[in-house]
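S.K.: If you count the sequence shown from 1, position 119 lands on 118 in numbering that gives the first Met the number 0, and the numbers rise without skipping.
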Amino acid sequence: MNLTSWFNFKFLKENFKKSRAIILLCMFLLPILTVITNLIKISDSSDFIPSIYHLSYLFIIGLYIIPIVLSITLFSFVFKRKSCDFVMSFPITKKQIFMTNTVGGIGILLILNILNCLMLFLVSLISSNIFIPGRMIFDIFLLWTVAYIFVFVVSNIAISVSANKITSVVVVLLILFLIPFLHTFITVNGSQFNDRADCILYETRCINNDVNNDCYNINYNVVRDSNYTVPYLLISKILNNNKLNYNVSIVKTFVLSLIYIFVGLLLFDRKKFEIVETSFKNEKIHLFVKSLTVIPFLALGYLVFKESGFSFEYMTYYILLLAIIITYLIIYDLITRKRVLNVFKSLLYTLFALVFVILLGMTSSLDNKKYLDVDNIKEITLSDNNKLMKSGSTRDRELIKYIFDNCKNYDVYEENTISVSTRDGSFTYYFDFTFDNSEYTYIVDKLNKDDYYKKSIDNSKPYVILDNLNNRVLRDSKLVNDIIMDYDLGYYDNGGNLLYGVDLYFYDNYSVNNLEVVVLDEELRHELINYYNNETMEYLKSNNIYIYRVVVRDFDSEEDYYLSGNNIQKLINVVMDKDLELDFDKSYVCIRLYTYDRVYKLIINDFDLLDEMKSYESEW
Numbered sequence: 000m001n002l003t004s005w006f007n008f009k010f011l012k013e014n015f016k017k018s019r020a021i022i023l024l025c026m027f028l029l030p031i032l033t034v035i036t037n038l039i040k041i042s043d044s045s046d047f048i049p050s051i052y053h054l055s056y057l058f059i060i061g062l063y064i065i066p067i068v069l070s071i072t073l074f075s076f077v078f079k080r081k082s083c084d085f086v087m088s089f090p091i092t093k094k095q096i097f098m099t100n101t102v103g104g105i106g107i108l109l110i111l112n113i114l115n116c117l118m119l120f121l122v123s124l125i126s127s128n129i130f131i132p133g134r135m136i137f138d139i140f141l142l143w144t145v146a147y148i149f150v151f152v153v154s155n156i157a158i159s160v161s162a163n164k165i166t167s168v169v170v171v172l173l174i175l176f177l178i179p180f181l182h183t184f185i186t187v188n189g190s191q192f193n194d195r196a197d198c199i200l201y202e203t204r205c206i207n208n209d210v211n212n213d214c215y216n217i218n219y220n221v222v223r224d225s226n227y228t229v230p231y232l233l234i235s236k237i238l239n240n241n242k243l244n245y246n247v248s249i250v251k252t253f254v255l256s257l258i259y260i261f262v263g264l265l266l267f268d269r270k271k272f273e274i275v276e277t278s279f280k281n282e283k284i285h286l287f288v289k290s291l292t293v294i295p296f297l298a299l300g301y302l303v304f305k306e307s308g309f310s311f312e313y314m315t316y317y318i319l320l321l322a323i324i325i326t327y328l329i330i331y332d333l334i335t336r337k338r339v340l341n342v343f344k345s346l347l348y349t350l351f352a353l354v355f356v357i358l359l360g361m362t363s364s365l366d367n368k369k370y371l372d373v374d375n376i377k378e379i380t381l382s383d384n385n386k387l388m389k390s391g392s393t394r395d396r397e398l399i400k401y402i403f404d405n406c407k408n409y410d411v412y413e414e415n416t417i418s419v420s421t422r423d424g425s426f427t428y429y430f431d432f433t434f435d436n437s438e439y440t441y442i443v444d445k446l447n448k449d450d451y452y453k454k455s456i457d458n459s460k461p462y463v464i465l466d467n468l469n470n471r472v473l474r475d476s477k478l479v480n481d482i483i484m485d486y487d488l489g490y491y492d493n494g495g496n497l498l499y500g501v502d503l504y505f506y507d508n509y510s511v512n513n514l515e516v517v518v519l520d521e522e523l524r525h526e527l528i529n530y531y532n533n534e535t536m537e538y539l540k541s542n543n544i545y546i547y548r549v550v551v552r553d554f555d556s557e558e559d560y561y562l563s564g565n566n567i568q569k570l571i572n573v574v575m576d577k578d579l580e581l582d583f584d585k586s587y588v589c590i591r592l593y594t595y596d597r598v599y600k601l602i603i604n605d606f607d608l609l610d611e612m613k614s615y616e617s618e619w
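1) With a CB to CB cut of under 8 Å and the five nearest residues on each side skipped, what residues in its chain are close to N604?
2) Looking at the structure shown, is S45 part of a helix, part of a strand, or coil, going by DSSP?
3) To the nearest angstrom, report how far apart I325 and L350 are at their CA atoms.
4) What are the start and end residues of the alpha helix (DSSP H) that includes F137?
5) In three-state terms, what does DSSP make of M524?
6) Buried or exposed: which applies to P230, given that a residue is buried once 16 or more other Cβ atoms fall within 10 Å of its Cβ?
7) Across which residues does DSSP place C589 in a beta bridge pair?
8) Helix, strand or coil: how does DSSP classify Y227 here?
9) Along the chain, where does the alpha helix (DSSP H) containing I107 start, and where does it finish?
10) From L114 to T144, what does the alpha carbon distance come to, in whole angstroms?
11) Within 10 angstroms of its Cβ, does L142 collect 16 or more other Cβ (buried), or is it exposed?
12) Would the region 74-90 and the region 246-254 be scored as touching if the rule is three or more Cβ pairs under 8 Å?
13) Grouping DSSP H, G and I as helix and E and B as strand, with all else coil, what is I249?
14) Cutting at 8 Å between CB atoms, please list the residues of its own chain near L121, excluding the five before and the five after it.
15) Tell me whether the region 55-67 and the region 21-34 touch, counting them as touching only if at least three CB pairs, one residue from each stretch, are closer than 8 Å.
16) Taking just the CA atoms, how far does F15 sit from D138?
17) Which residues in the same chain as L398 place their Cβ atom closer than 6 Å to its Cβ, once the five residues preceding and following it in sequence are excluded?
18) Which partner residues does T535 have in the DSSP bridge list?
19) Kindly provide the ranges of any alpha helix (DSSP H) runs that are 4 or more residues long and lie completely inside the region 23-72, ordered along the chain.
20) By the 10 Å Cβ neighbour count, where 16 or more other Cβ atoms means buried, how is N436 classified, buried or exposed?
21) Just verifying my parser: in three-state terms, what is the DSSP assignment at D502?
22) Going by DSSP, name the residue or residues bridged to I379.
23) Do you know how far the Cα of S476 is from the Cα of Y486?
24) Leaving out the 5 sequence neighbours to the left and right, which residues in its chain are closer than 6 Å to L11 when beta-carbon positions are compared?
25) Who are R471's beta bridge partners in DSSP?
Rendered as structure tokens:
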């Protein structure tokens, strides 16, 4: 066996030449649009810290278009009888045709994603306002390459079993979405509330009840683990914003792509080209595929019926749904086979699909997971609002039992809320527990002595830091490194501080997360204040300033003073003539200068200046 028995370069060259316009469009359109949209985004000079979805939303749309168009383009001859006869007259086998087009299409999609990542890298280089970690660019390449190739090889399978473009698209959608849709249907159908529990986790709050101390009803916070393929995973992420395991999905998608290439090869090798310009090789397959496309309608009808039954109020809905299905069956036949098939046969196959939906619905209701037995919990993952502990996991049996046994009602302050997640079989449970101060302190102390927790905590480094009042990136590299070191040593607190609050941005597991903290180290605080003062004075010395509002904070009295109009220029003139050398042993005054796109901060000791400003404070 040699390479030429599987791949024909001459055929690939001629195929590319014949369809070069569409192929070039597939390769270059999305990278160019991605660059343009990101350049527009940063053109206002504001700092932009994008997520993968900010950088790739066009690729999400293109995922369901470009690979399908590319597949149909490369295999376009199978949809026309004359073209089919012409190609099959070549000294080339079906196997060579399929593998040549498959390899060629994968090559095009690789070039597409390489170009996209190169464009993103160039944008990050030429602009100081967009912050993209290198790992994110690599993940974008990996995620979209695997996803695009998967949709492409699925499209090749569809072309191997169908004989026109419409049915090919239908088969693609069925392969991509039908099984995940049925999984979603099972999950939704199985969500039934039952109030026999000690702690009912309703709207992420734990409420005490003197029934049973070991059983927790968590229907409203249960997420069935779903390792979908990447195309469906992205839709699930957009709709539900759940925490997802991308790595597992990428591996699954890659393995399935290899399997689907082999399946497509077998199907294409056995394809009968006599059925060109129809749907499938026989009517039964056509009816079967058509009945599969009706399943989403039937599933929706089943869920409505489950909740309402045959009530008069919903009879109109059932009649309308039946009319929609019949109309759809007729239109589907007209488009795909150019004629209406026997309506009785179509309804019979639809009835089989309905029976399947009902049986699946009944099975999922019986298999519903309602309760979590605390004694069976092996591990939980925790994070908190106080930021006194990093997100991590524990297997401490005593601590796990303590957390569940001490969940509190609504009257406890929000800052002592701990988010908990745990897995049980194919389910992941998410909830928030609120504790009093003594309980919270006990939990934190236990975690700090837990070796398993210490090993599991997220030790990723922030890649960019913002002033959380200003939403502007700190650009002093020494200051940034010092804050990161401060964070690594555990010297941080929850955010919200006017002077010392910063946002740390982390990139991990295909997502950008931020942590709002307050710098505690005294020397670092001084460094941060000096940074703000220098930045502000540079702005005031520039020739292009526009300040529409000034707010002055007296930290001794915790009062704010407002200036506007001509009084702003008075302040600037006074500030420029003053010696602003800061004595950190004295009390501070913070002057906030509001421009159209940001806030500048100037910290001073000069209370004479403050008194002067009070004298011409604007009406507010």
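Note that CB positions come from ideal geometry on N, CA and C, so glycine has one too.
On a predicted model such as this, the values are computed, not experimentally measured, just so you know.
M.R.: Reading from the atomic positions:
1) L581, D582, K585, S586, Y587 and V588
2) DSSP places S45 in coil when its eight states are reduced to three.
3) Cα-Cα distance, rounded: 12 Å.
4) G133 to V160
5) Per the sequence shown, residue 524 should be read as Arg rather than Met. Helix at R524.
6) Here P230 is buried, its C-beta having at least 16 other C-beta atoms within 10 Å.
7) R552 and I602
8) Correct three-state label for Y227: coil.
9) K93 to I125
10) 11 Å
11) buried
12) The region 74-90, when compared against the region 246-254, does not touch it at the 8 Å Cβ threshold.
13) helix
14) Same-chain partners within the cutoff: V34.
15) Contact between the region 55-67 and the region 21-34 is present, because at least three Cβ pairs lie under 8 Å.
16) 29 Å
17) K445
18) Answer is none; T535 lacks a bridge partner.
19) 51-62
20) exposed
21) strand
22) T393
23) 15 Å
24) T99 and G103
25) D466
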